[in-house]
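J.: For the record, the sequence lines run as chains A and B. full-length UniProt numbering applies: residue 1 is where the first sequence begins, and numbers increase by one. full-length UniProt numbering applies: residue 1 is where the second sequence begins, and numbers increase by one. Cβ atoms here follow ideal geometry from the backbone N, Cα and C, with glycine treated the same way. Below you will find the structure I want to go over with you.
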Amino acid sequence: MSTPTPTPEAQSVDATAALPADLQDERLIASQGVGGFLRAFLSRLRSGDLGSLPVVVGLVVIWGVFAFENDAFLSSRNLVNLTQQSAATGTIALGIVLVLLLGEIDLSVGSISGLSAAILAVGFVGHGWSLPLAILASLVAGAVIGALYGLLYTRFGVPSFVITLAGLLAFLGLQLKVLGKEGSINIPFDSGLVKFAQASFLSDAASYILVVVVVLVYLATRLRANQRRTAAGLSTTPVVTLGVRAVAILLLLSIPVYVLNRDRGVSYMFLLFVALVVIFDFVIQRTRWGRSVLAIGGNVEAARRAGINVKRVYISVFVFCSTLAALGGLLAAGRLASANQGSGGTDTNLNAIAAAVIGGTSLFGGRGSAYSALLGILVIQSISNGLSLVNLGSPERYMITGGVLLLAVIVDSLSRRSRAAHGRA
Amino acid sequence: MTATLSPPTTAVLALTGISKRFGAVQALKDIDFDVHSGEVVALVGDNGAGKSTLVKTIAGVYTPDDGQMTFDGKAESVASPAEAQGLGIATVFQDLALCDNLDVVANLFLGRELYRGRALDEVTMEQESWRLLRQLSAKIPSVRIPVASLSGGQRQTVAIARSLLGAPKVVMLDEPTAALGVAQTAEVLNLVERLRENGLGVILISHNMSDVMAVADRVSVLRLGRNNGTFNVSQTTSQEIIAAITGATTNAVSQRAARRETHTAAPTATTEEQS
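Here it is as structure tokens:
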């Protein structure tokens, strides 16, 4: 970087500058090489910027304990089950991440998912609608509910906590009403939804190709970014670092894929969930809408003064959350091949909210990532899956999940305090 | 820009007869105020004189009960801060209104992010941020750190830099140097002059007489919610302005200055401002 290599389109902001424009301040602590990276990482941790470290550590501990207790826990068969169990509630948790980023909450996602399952079952099985129509009706119902929440919130300023608490009851009632007297409707096993949710898996070859494509796309976008940053006179990520990261991603993806492929493989449903996570991560990080969401979560007044249409963002987030909840309800209905009065009941709601928080999305707004839905739901489902393997049931599951949630919230609060003290807010 | 000793004929922003009441309090009464392109007008007054109310009225936070506002030759009424911004009135409020959880680039471009294809153009935004901050000689180590980790002066710089992004015609700075160190104050004053050179109308709200005398072309004094004189800086002294602010030629400030003079027997005819 110090030698003036004549890159073709090099056009630094300051012609005399030997360093990239963003590295010229002498107070910047240079973090170069592996040691520098580690030092920067440690100092970030010390200042309370924990990111997803607590949940990764938690996941490793949980998996270690259960693997020690029962060999079957880390078997391919059980891990495939785990991915299947995670997809539906994980999708709901993704919506919760969005509302939490705003500093709001939606307590009614369980009821919405149940209502959505009921609409699908009654429409598809009862009234003989086509599957796409039934799915569309369910998702639209979710979106309408979200729009209603958003309007109530922005019009009357009622706390989202209360609005959605009312929704929790009201839409549970509507779910029961829609289901009618029988209270339970089975969805045929040969229907597309059930096949998708129970028996659709990527072939081995397709899954590995997908992994390679992901790594290549990562490398290509990062190299392209480097090129543009060089042209703009900004610092770049060293190619070696990129290579190391690409290999890490390759291992991180291909090992689980290999393990899953020894059994049924990567299910379509889980893939859909992961794809949603990736898409929403992109939307949050790299679009104006996502930036507005983060800004409102950080400082509503500042966002309003910056000219952001705050009301519209609130409404759209509630719509996304409810629609994702409805989608989660559909996936759950497909996996269980039925919709009943218990669909989207007690744990769905709390598991989804707990997953978002455990995954590292702050309850205080403005901090978090779509990936916390993925990591959080893996923790929650691992606990429930592992406990049933070691012959412990609901009582222990509730208590342990509650404990983990409490722990996650405490970590969130402490790291927030520490960030404030270290000026990282 | 040619030197504009006598301002151009039309004011870019002109207020006539502005009044604002809060319950029983007449915060503003018949205020006339104008600023021309390429001119720095200082708005001064004691606490409670109505400076903040006037600023918020111009910025669209308050709607005046009475009076007219002309912007760029057209009668306008601004009902919201967004409308004022749309017209071309940028305001840097004292409570800077930055998002602590976002980095400097995100804060600078908040609400008007640049796009490249379907994603935010982070590279151009970062480059542009550096250009803006360098232009202000800002001492900010990195634009990729959350604003929470910046000092008060650095945050002020970010807020001022942000106000310039929308290519405004009038920039209003509310106590911009109140929290700044010596060098940074000088930088902000340089920046104010640069804004004037670029043909912007600058409204500078300040308590600091030396800042006002250093950069302003005119000084508009408010006292108890009314106009109390407009002064051409080249033809006035800070004593005169202080007299207008406090409403008396002999006041606490001038008395202190006089006492000090007799003590030290100051030889110079032109007394320095500052008590």
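#1: Please go through the same chain and pick out, in chain order, the residues whose beta-carbon is closer than 6 Å to the beta-carbon of A/Gly-123, but skip the five residues on each side of it.
#2: Would you list, in sequence order, the uninterrupted beta strand (DSSP E) runs of no fewer than 3 residues that lie entirely inside the region 150-218 of chain B?
#3: Taking buried to mean at least 16 other C-beta atoms within 10 Å of its own C-beta, is A/Ser-207 buried or exposed?
#4: Under 7 Å, Cβ to Cβ, is there at least one residue of chain A near B/Val-78?
#5: Flag this pair as yes or no: are the beta carbons of A/Ala-93 and A/Ala-352 separated by less than 7 Å?
#6: In three-state DSSP terms, what is residue 454 of chain A?
#7: Taking 7 Å as the cut-off, decide whether the C-beta atoms of B/Ala-244 and B/Gly-229 are in contact.
#8: Determine the closest residue to A/Ile-62 out of A/Ala-355, A/Arg-416, A/Val-379, with distance taken between C-alpha atoms.
#9: Just the C-alpha distance for A/Ser-413 and A/Gly-366, rounded to the nearest angstrom, thanks.
#10: At which residue ranges does the region 41-77 of chain B contain complete beta strand (DSSP E) runs of 3 or more residues, listed in the order of the chain?
#11: Given this structure, state the Cα-to-Cα distance separating B/Glu-197 from B/Asn-190, to the nearest angstrom.
#12: Pick helix, strand or coil for B/Leu-120, following the three-state DSSP scheme.
#13: Note down, in chain order, all residues in the region 210-237 of chain A with a beta-carbon under 9 Å from any beta-carbon belonging to chain B.
#14: Since A/Asn-70 is in the alpha helix (DSSP H), which residue starts that stretch and which ends it?
#15: Measure how close the beta-carbons of A/Ser-184 and A/Gln-84 come, nearest whole angstrom, since I'm counting them as under 8 Å.
#16: Rounding to the nearest angstrom, what Cα-Cα distance links B/Val-170 and A/Arg-228 in this structure?
#17: Using a Cβ-Cβ cutoff of 9 Å, what residues of the region 289-305 of chain A are near chain B? List them in chain order.
#18: So, helix, strand or coil for A/Ser-75, using DSSP?
#19: Would you mind reading off the limits of the alpha helix (DSSP H) that contains B/Asp-103?
#20: Tell me, which residues are paired with B/Gln-239 by DSSP?
#21: B/Ala-82 touches chain A at which residues, Cβ-Cβ below 7 Å?
#22: What does A/Tyr-398 pair with, by DSSP beta-bridge criteria?
#23: In angstroms, rounded to a whole number, what distance separates the CA positions of A/Ser-116 and A/Val-313?
#24: Examine chain B for any beta-carbon lying closer than 7 Å to the beta-carbon of A/Ala-356, and answer yes or no.
#25: Output yes or no for whether 7 Å exceeds the beta carbon distance between A/Ala-325 and A/Gly-114.
#26: Return the residue from the list B/Ala-42, B/Ala-59, B/Asp-65 that minimises the CA-CA distance to B/Gly-23.
#27: Could you list which residues in chain A have their beta carbon closer than 8 Å to that of B/Val-143, in chain order?
#28: Have a look at B/Leu-28 and A/Phe-364 and give me their C-alpha separation to the nearest angstrom.
#29: Taking only the alpha-carbon atoms, compute the straight-line gap between A/Ser-160 and A/Val-57 and give it to the nearest angstrom.
#30: Would a check of beta-carbon distances place B/Leu-87 closer than 7 Å to chain C?
#31: For A/Pro-256, name the three-state secondary structure that DSSP assigns.
#32: If we ignore side chains and look at the alpha-carbon of each, how far apart do A/Arg-335 and A/Gly-192 end up?
T.: By the coordinates alone:
#1: Position 123 of the first sequence, counting from 1, holds the residue named residue 123 of chain A. Trp-129, Ala-134, Ala-137.
#2: 170-174, 201-205
#3: The residue you call residue 207 of chain A lines up with position 207 of the first sequence. Buried, by the Cβ-count rule.
#4: As a working mapping, residue 78 of chain B is identified with position 78 in the second sequence. False, the Cβ-Cβ gap to chain A never drops below 7 Å.
#5: Taking the first residue of the first sequence as position 1, residue 93 of chain A is located at position 93. Taking the first residue of the first sequence as position 1, residue 352 of chain A is located at position 352. Yes; because the gap between Cβ atoms is below 7 Å, this pair is in contact.
#6: This structure does not reach residue 454 of chain A, given that chain A is present from 1 up to 425, and the question cannot be answered.
#7: As a position in the second sequence, residue 244 of chain B is number 244, starting the count at 1. As a position in the second sequence, residue 229 of chain B is number 229, starting the count at 1. Yes, the Cβ-Cβ distance between B/Ala-244 and B/Gly-229 is below 7 Å.
#8: Sequence index remark: in the first sequence, residue 62 of chain A carries index 62 (1-based). Of the candidates A/Ala-355, A/Arg-416, A/Val-379, the one whose C-alpha sits nearest the C-alpha of A/Ile-62 is A/Val-379.
#9: As a working note, residue 413 of chain A is residue 413 in the first sequence. As a working note, residue 366 of chain A is residue 366 in the first sequence. In a straight line, the C-alpha of A/Ser-413 is about 14 Å away from that of A/Gly-366.
#10: 66-71, 74-76
#11: Locating residue 197 of chain B in the second sequence gives position 197, counting from the first residue. Locating residue 190 of chain B in the second sequence gives position 190, counting from the first residue. Rounded to whole angstroms, B/Glu-197 to B/Asn-190 spans 10 Å at the Cα level.
#12: Position 120 of the second sequence, counted from the start, is the residue given in the question as residue 120 of chain B. In this structure, B/Leu-120 counts as strand in the three-state DSSP scheme.
#13: Ala-225, Arg-228, Arg-229, Ala-231, Ala-232, Gly-233, Leu-234
#14: The residue given as residue 70 of chain A occupies position 70 in the first sequence. Per DSSP, A/Asn-70 belongs to no alpha helix (DSSP H) and is neither H nor E.
#15: Numbered from 1 along the first sequence, position 184 holds the residue referred to as residue 184 of chain A. Numbered from 1 along the first sequence, position 84 holds the residue referred to as residue 84 of chain A. That pair is no contact at about 21 Å.
#16: Position 170 of the second sequence, counting from 1, holds the residue named residue 170 of chain B. Position 228 of the first sequence, counting from 1, holds the residue named residue 228 of chain A. Each residue's alpha carbon lies about 34 Å from the other.
#17: Gly-290, Arg-291, Ser-292, Leu-294, Ala-295, Ile-296, Gly-297, Gly-298, Asn-299, Glu-301, Ala-302, Ala-303, Arg-304, Arg-305
#18: By 1-based counting over the first sequence, the position of residue 75 of chain A is 75. In this structure, A/Ser-75 counts as coil in the three-state DSSP scheme.
#19: Counting from 1 along the second sequence, the entry for residue 103 of chain B is found at position 103. Looking at the DSSP string, B/Asp-103 is not in any alpha helix (DSSP H), and its letter there is neither H nor E.
#20: For the purposes of this step, residue 239 of chain B is taken as residue 239 along the second sequence, with counting starting at 1. Its beta-bridge partners do not exist; DSSP assigns none.
#21: In the second sequence, residue 82 of chain B corresponds to position 82, counting from 1. Near B/Ala-82 (Cβ distances below 7 Å), the residues of chain A are Gly-307.
#22: Within the first sequence, the letter at position 398 stands for residue 398 of chain A. Beta-bridge pairing links A/Tyr-398 to no other residue.
#23: Position 116 of the first sequence, counting from 1, holds the residue named residue 116 of chain A. Position 313 of the first sequence, counting from 1, holds the residue named residue 313 of chain A. Taking the straight line from one Cα to the other gives about 24 Å.
#24: On the first sequence, residue 356 of chain A is found 356 positions in, with the first residue counted as 1. It does not; no Cβ of chain B falls within 7 Å.
#25: As a working mapping, residue 325 of chain A is identified with position 325 in the first sequence. As a working mapping, residue 114 of chain A is identified with position 114 in the first sequence. No; because the gap between Cβ atoms is not below 7 Å, this pair is not in contact.
#26: Within the second sequence, residue 23 of chain B is the residue found at index 23, counting from 1. That would be B/Asp-65, whose Cα lies nearest to the Cα of B/Gly-23.
#27: Taking the second sequence and counting its residues from 1, one reaches residue 143 of chain B at position 143. Under the 8 Å cutoff, chain A gives Asp-22.
#28: For the purposes of this step, residue 28 of chain B is identified with residue 28 of the second sequence, where counting begins at 1. For the purposes of this step, residue 364 of chain A is identified with residue 364 of the first sequence, where counting begins at 1. Each residue's Cα considered, the two are about 40 Å apart.
#29: Here residue 160 of chain A refers to the residue found at position 160 when the first sequence is read from its first residue. Here residue 57 of chain A refers to the residue found at position 57 when the first sequence is read from its first residue. Looking at the two C-alpha atoms, the distance is approximately 32 Å.
#30: Here the protein chains are A and B, and chain C is not one of them.
#31: Counting from one through the first sequence, the residue named residue 256 of chain A turns up at place 256. DSSP places A/Pro-256 in helix when its eight states are reduced to three.
#32: Here residue 335 of chain A corresponds to residue number 335 of the first sequence, with the count starting at 1. Here residue 192 of chain A corresponds to residue number 192 of the first sequence, with the count starting at 1. Near 11 Å, if we compare the C-alpha coordinates of A/Gly-192 and A/Arg-335.
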